[in-house]
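2 protein chains.
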Amino acid sequence: DLHQRILKLAGALLNGQVKPGTHVGVIEWDSHRYLEMYFAIAGMGAVMHCVNPGLAAEAVLYTINHAEDEILIFHQDFIPLVEKMRLSLPTVKRFILIKDDLSIPVPSWVNEEYEEWLVSAAPVLDLQDMDENSLATLSYTTGTTGKPKGVFFSQRQITLQTLSDSIALSALGSYGGINKHDIYMPLTPMYHGHAWGMPYVATLWGIKQVFPGKYNYQRILGLIQKEHITFSHCVPVILKMILDRPEINTVDLRDWKVIVGGSTLSESLASEARAKGIKVFGGYGLSETCPVLTIANLKPFMETWEDEKQLSWLTRPGFSLPLVYIKVVNEDGQEVKADLKETGEILVRTPWCTPAYYKENVLSDELWSDGWLHTGDVATVDAYGYIKIVDRLKDVIKSGGEWIVSLELEKLILQCDGVADAAVIGIPHEKWGERPLAIIKARPGYEDNLTHEIIKAHLKKYVEAGLLAAWALPDSCEFVKEIPLTGAGKHNKKLLREKYLFRA
Amino acid sequence: DLHQRILKLAGALLNGQVKPGTHVGVIEWDSHRYLEMYFAIAGMGAVMHCVNPGLAAEAVLYTINHAEDEILIFHQDFIPLVEKMRLSLPTVKRFILIKDDLSIPVPSWVNEEYEEWLVSAAPVLDLQDMDENSLATLSYTTGTTGKPKGVFFSQRQITLQTLSDSIALSALGSYGGINKHDIYMPLTPMYHGHAWGMPYVATLWGIKQVFPGKYNYQRILGLIQKEHITFSHCVPVILKMILDRPEINTVDLRDWKVIVGGSTLSESLASEARAKGIKVFGGYGLSETCPVLTIANLKPFMETWEDEKQLSWLTRPGFSLPLVYIKVVNEDGQEVKADLKETGEILVRTPWCTPAYYKENVLSDELWSDGWLHTGDVATVDAYGYIKIVDRLKDVIKSGGEWIVSLELEKLILQCDGVADAAVIGIPHEKWGERPLAIIKARPGYEDNLTHEIIKAHLKKYVEAGLLAAWALPDSCEFVKEIPLTGAGKHNKKLLREKYLFRA
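Listed in order, the protein sequences are those of chains A and B.
Per our numbering, residue -17 is the first one in the first sequence, and the count goes up by one each step.
Per our numbering, residue -17 is the first one in the second sequence, and the count goes up by one each step.
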């Protein structure tokens, strides 16, 4: 059925003037339709732009225009979003609507309704051979600076990542590995780094895949039980939200293996999950790296270790997948000692790193200086070759698996009446990993007037205007007389982070 | 230790004037040294020619000269062979001797003793990056015509085969799959299609590997027990010889998984193995295809089938590895029906097929006509996509995993006094899979004089002269008045094979 629908979708795309190289934007929840788009769009040589609908509306608009998408396929939940921006999308020629609810009215500017369009198309005979270096997907990350940056991957890159990841999960896997008997459900959205590449892995293996639509944790627990899901992946905050559901004790989770990545899996969260029988382990990767680089598998000799010691290794990013070269280098460019003490930046080479940021030469050169991809993550290495991330070089906050750019937030806070200076830092948070804290210096005369409520109200306007993601709103503010500066006259964020470490 | 020895061997090779592209011939039994050569020679951009010492001496000489090897590394067992041919090897500049027995004298023409040479070399700092299409290995097959033909594989090809094979063995594997807990021992020589690629798989996974040296089935059973081997591969005749050892009942073989390929795994042999607890399953590939193409894994729904039915699928070649495209086409070039009845030739496309026969343009064009590799194997396909081999298009005999070229044998028989015509066919044999049968027409006046003994004595001269492999000697002869011919005036071997099917 999947194969037939892929051939039909390719036929429909062909009718819709999609040619090799055409960029097709997709705004969709996790679904069987997204899976067929993964294969049909790239399978006919076109490029799937996985639009991240969690970005601010302004950023969504920016990415579709920057990607120069010619077709936009979107779920009915995003009708208001697309309605608002459609006249500002000069490259988009066709709008395809995915309806879950057949009764909703179809806006007049929509060209096709996805299901009808697919079902009525003549299937292509087969997906065509093409150059392995043909671009397959494009997506945007807000990782390290304000403007979303495009990362892109070829057929070859996705294929190699899928093969390598398959081995790390099966032959080298912990908890008995993952194999043809497993049942898969993503819990990292399919627009986020191809749901960590797992739909490709699951399809290669021919295993059953269950797609949860828009995430609803009560329904997700129901699906795990009903469909007997044995394998998922998510960021820590999603695992936490599932564990906090009142239904948690009614579901048997002892067969559920979960890779946790995106930010550090704390030992306490891992313990909590293991207490429910969930088999958790860490992984590491970036949007720039397709994304998986390491998985926290246990080596055979570790399997006799006591639980607590095992957990310490299972919660690390782990060790390199086949074909991944990682080195952790100090400021002198030397590899750090494998002593879990000396820290350095993680540099990566693997056949599936993005070759550049799309249409961004300067940033691309920075990303790839010296022929290694610079992750911006600071790590230590242990004697067994497992990395452990301790810090980030760059000035960003990662909250619930999503990036918050402190410089962006500071810029907006500065526009509030009475603010003289503002520094935003991430502080550790039990649930979200990190949350932004705004440290604010008032203008003379405003010292007693500024409050967290005023700042929040000010920022909410940007959220409503689609310029700021809702999750970026600081939970709290500190009002100070002076913000400490570095010798170079920049905010001394290192000092601020130390000072406010226990502020949360 | 392996990594250090590889770096040292690369250093020694560098001292020995080996450069990227240099051809290095290796004549060695299965050993840790062969494994380090796999990685050191290719890892410095040189080409490892895996010499098959089982060929007739004349053919060994031909292959080393055809390959233009500059270095020849050989085990002490082959001193007489190399001694005899060394003055006829104009390209070989250095002879490196591998000694197992330190007391044997070193011939004066030997340049280096392997272990000393390796240990005293300065290790290279690291194996260098190189073009992924760099040639890594070269070996010769006697598959389909008399003259050995070179097949060659690049770094890229071996890497892709290793990744794909890893998935077929682990994620998709039967009997619980093979994984990081397994212990590996080859029972297909490392000069034969890289021991079916398994030393690469085992090294990628980091599992323990045990190398049995020259095969001695009593010692091999001892190794399985002592080292707790859990994973091997071999041709049916080797499995049979192991099962026939008197020690068989003293060894617990219940953890031993064995891929059987090279020729058809009969259900009776598979049953016999399973009765000892051995977990056998089929596989399929050619020297031309690096070699693995299919593995007879059970799909999950087959795992509830009763034993006998399972066995029928486990003994087939199986279904395609990831990235392998197989089609079985009839004489009209159409794919056969998946009904296990209609037969056709197996055609293959995969990134790891040999691009050509080395320096053989005409044969290469035949191999690759229409852009598919023509295997010469005739098969049926079942509804689940498993192939089953029923015949061979080409006129060769496969005995104990080795090819016997009937045309070659016929040519030699014709040189015997009194022989007018000779046709050699393969007939089924319980132990060897096939054995050659010579059908001979005598010259007038010789009808009563020719005997099997005379033919055998005649052929033995060629064996002694190194022109014919000992295993190619026919076990028996049929003397006939006329050899039936086809319309085109060739021996009607189809008719002969039918007539002598039960001759064995």
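In this text, a Cβ means the ideal position worked out from N, Cα and C, and glycines have one as well.
Straight-line Cα distance separating residue j from residue i
i          : j        : result
A:ILE140   : A:THR271 : 10 Å
A:LYS438   : A:PRO456 : 7 Å
A:THR325   : B:LEU54  : 47 Å
A:TYR368   : B:ASP364 : 46 Å
B:LEU487   : B:GLY27  : The structure shown has nothing for residue 487 of chain B, since chain B only spans -17 to 486.
B:ALA405   : B:ALA454 : 14 Å
A:ASP226   : B:ALA184 : 42 Å
A:LEU(-11) : A:THR362 : 47 Å
A:HIS215   : B:PRO2   : 44 Å
B:VAL344   : B:GLY158 : 45 Å
B:ILE407   : B:GLU384 : 15 Å
B:THR126   : B:ASP377 : With a pLDDT of only 45 at B:THR126, under the threshold of 50, the placement of this residue in the model should not be trusted; the figure read from the coordinates follows. In a straight line, the C-alpha of B:THR126 is about 7 Å away from that of B:ASP377.
B:ILE80    : B:PHE56  : 6 Å
B:GLU317   : B:HIS176 : 31 Å
A:TRP350   : B:PRO282 : 44 Å
B:LYS291   : A:GLU416 : 57 Å
A:LEU145   : A:TYR20  : 17 Å
B:GLU97    : B:ALA22  : 14 Å
Closer than 9 Å to chain A by CB, residue i
i        : result
B:ILE149 : yes
B:LYS281 : yes
B:GLY179 : no
B:PRO304 : yes
B:TRP187 : yes
Residue of the options minimising C-alpha distance to residue i
i          : options                                 : result
B:HIS487   : B:PHE60, B:GLU464, B:CYS32              : For chain B, the structure presents residues -17 to 486; residue 487 of chain B sits outside this window and is missing.
B:ASP51    : B:ILE9, B:PRO87, B:PRO89                : B:ILE9
A:ARG201   : A:ASP59, A:LYS1, A:ILE224               : A:ILE224
A:ARG(-13) : A:CYS459, A:LEU107, A:GLY264, A:PRO466  : A:LEU107
B:VAL306   : B:SER152, B:PRO333, B:LYS(-10)          : B:PRO333
A:VAL240   : A:SER250, A:ILE230, A:ILE220, A:ASN231  : A:ILE220
A:VAL372   : A:TYR366, A:THR357, A:GLY382            : A:THR357
A:LYS129   : A:VAL387, A:GLU429, A:GLU392, A:PRO410  : A:VAL387
B:GLY353   : B:ASP359, B:VAL360, B:PRO337, B:GLY267  : B:PRO337
B:LEU69    : B:GLN143, B:LEU43, B:ILE78, B:ASP83     : B:LEU43
A:VAL360   : A:LEU450, A:GLU209, A:THR144, A:VAL310  : A:VAL310
B:ASP59    : B:PRO72, B:ASN93, B:ASP82               : B:ASP82
A:VAL88    : A:LEU100, A:ALA104, A:GLU65, A:VAL101   : A:GLU65
B:SER294   : B:LEU329, B:LEU268, B:PHE283, B:ALA252  : B:ALA252
A:GLY36    : A:LYS196, A:THR433, A:HIS434, A:THR232  : A:LYS196
B:ASP(-17) : B:PRO304, B:LYS190, B:SER85             : B:LYS190
B:LYS370   : B:ASP321, B:VAL462, B:TRP414, B:GLY(-2) : B:ASP321
CB contact below 9 Å: residue i versus chain B
i        : result
A:LYS162 : yes
A:THR73  : no
A:SER116 : no
A:SER136 : no
A:THR286 : no
A:PRO62  : no
A:GLY265 : no
A:GLY315 : no
A:SER121 : no
Beta-carbon gap between residue i and residue j smaller than 9 Å
i        : j        : result
B:PHE193 : B:VAL29  : no
B:GLU236 : B:ILE211 : As written in the sequence, residue 236 of chain B is Arg, which differs from the Glu given in the question. No; because the gap between Cβ atoms is not below 9 Å, this pair is not in contact.
A:ILE395 : A:ILE422 : yes
A:ALA39  : A:HIS5   : no
A:TYR482 : A:LEU441 : no
A:TRP238 : A:ILE277 : no
A:ASP164 : A:GLN137 : no
A:VAL74  : A:GLY7   : yes
Nearest-angstrom Cβ-Cβ length linking residue i and residue j, presumed shorter than 8 Å
i        : j        : result
A:PRO228 : A:LEU247 : Contact flag wrong, Cβ pair sits at about 23 Å.
B:ALA24  : A:ASN161 : Between A:ASN161 and B:ALA24 the Cβ distance is about 31 Å, and since that is not below 8 Å, they are no contact.
A:THR123 : A:LYS131 : 6 Å
A:LEU375 : A:GLU327 : 6 Å
B:TYR340 : B:PRO299 : About 26 Å separates the two Cβ atoms, so there is no contact after all.
Positions along the region 328 to 351 of chain A whose CB lies within less than 8 Å of some CB in chain D: In the structure shown, chain D does not exist; the protein chains are A and B.
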